[in-house]
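Undergrad:
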Amino acid sequence: MDYSLPIAGVGFGPRRKGNHIQYVIVHHSATPIKGRDYPALWWASAFHRYTQRRYNAPCPYHLIIAPDGSVARGRYEKTPGRHASGFNRKSLGICLVGNFDIETPTKEQIASLQVLILDIMAGFGIVADSILGHFEANIITFGEPRKTCPGKNLNMSKLRQDIVTTQIMQREGMV
Ligand SMILES: [Zn+2]
Numbered sequence: 082m083d084y085s086l087p088i089a090g091v092g093f094g095p096r097r098k099g100n101h102i103q104y105v106i107v108h109h110s111a112t113p114i115k116g117r118d119y120p121a122l123w124w125a126s127a128f129h130r131y132t133q134r135r136y137n138a139p140c141p142y143h144l145i146i147a148p149d150g151s152v153a154r155g156r157y158e159k160t161p162g163r164h165a166s167g168f169n170r171k172s173l174g175i176c177l178v179g180n181f182d183i184e185t186p187t188k189e190q191i192a193s194l195q196v197l198i199l200d201i202m203a204g205f206g207i208v209a210d211s212i213l214g215h216f217e218a219n220i221i222t223f224g225e226p227r228k229t230c231p232g233k234n235l236n237m238s239k240l241r242q243d244i245v246t247t248q249i250m251q252r253e254g255m256v
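Numbers 82 to 256, taken from the working numbering, label the letters of the sequence shown in order.
This is the structure:
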């Protein structure tokens, strides 16, 4: 796996027959603010090294978004992730670097997140209701959130709403 592959814009291509991706699960890294200036590729490599050492497994997320808005790939989309119980075989996992229980995602991070999600939705034919925060996936799997991920300051309802608004604007040729 070439986890070092940096990506500027993601093109997942047309939906493939029998495609397994039905959801996007959003996470935060819950890592301290210190080190925020590193680009996504640095974080992808750091997560990869950590999980290799600890679990002998690659970076658990498919995509990583750094505070500067840069994006890196952690796993190829065909490889199941390891980030949300009950959803690993049917979702892509996106991790935003930061601890959004105590800070807010940067404008650049949210902008990149929206671009990625819109691209994935178009590529895999999924709807905004299937964009879930980790805690929302846990409610479906366990009947309780179990954690706050992607953090109290990343409002998933607003994210879904903004994505739908952008879709409408794109359809109407307004953006
Ligand atoms: Zn999570």
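Built from N, CA and C at the ideal position, the CB exists for glycine as well.
(1) What residue from P120, I146, Y119 has the CA that sits closest to I198's CA?
(2) Output yes or no for whether 8 Å exceeds the beta carbon distance between G174 and P139.
(3) Measuring only from the beta carbon, is C140 closer than 7 Å to any heavy atom that is part of ligand 1?
(4) Could you tell me whether the Cβ atoms of H215 and K171 are closer together than 8 Å?
(5) Can you list, in chain order, every residue whose CB sits closer than 5 Å to a heavy atom of ligand 1?
(6) Using C-beta distances below 7 Å, list every residue in its chain close to P161, excluding the 5 sequence neighbours before and after it, in chain order.
(7) Check the DSSP bridge columns for H108 and list the partner residues they point to.
(8) By DSSP, does G204 sit in helix, in strand, or in coil?
(9) For I114, tell me which candidate among R252, T185, L144 has the shortest Cα-Cα distance.
(10) Locate the alpha helix (DSSP H) running through R134, then write down its first and last residues.
(11) Thinking C-alpha only, which one of Q190, S166, Q195 is nearest T222?
(12) Would you mind reading off the limits of the beta strand (DSSP E) that contains A153?
TA: Taking the coordinates as given:
(1) Here the closest residue by C-alpha is I146.
(2) Contact: no.
(3) Outside the cutoff, so no.
(4) It is not a contact, given that the beta carbons lie outside the stated cut-off.
(5) This criterion selects H108, H215, C230.
(6) N169, R170.
(7) According to DSSP, H108 bridges with C176.
(8) DSSP places G204 in helix when its eight states are reduced to three.
(9) Of R252, T185, L144, the residue nearest in Cα terms is T185.
(10) From DSSP, the alpha helix (DSSP H) with R134 extends over 121-136.
(11) The option with the nearest alpha carbon to T222 is S166.
(12) From DSSP, the beta strand (DSSP E) with A153 extends over 152-154.
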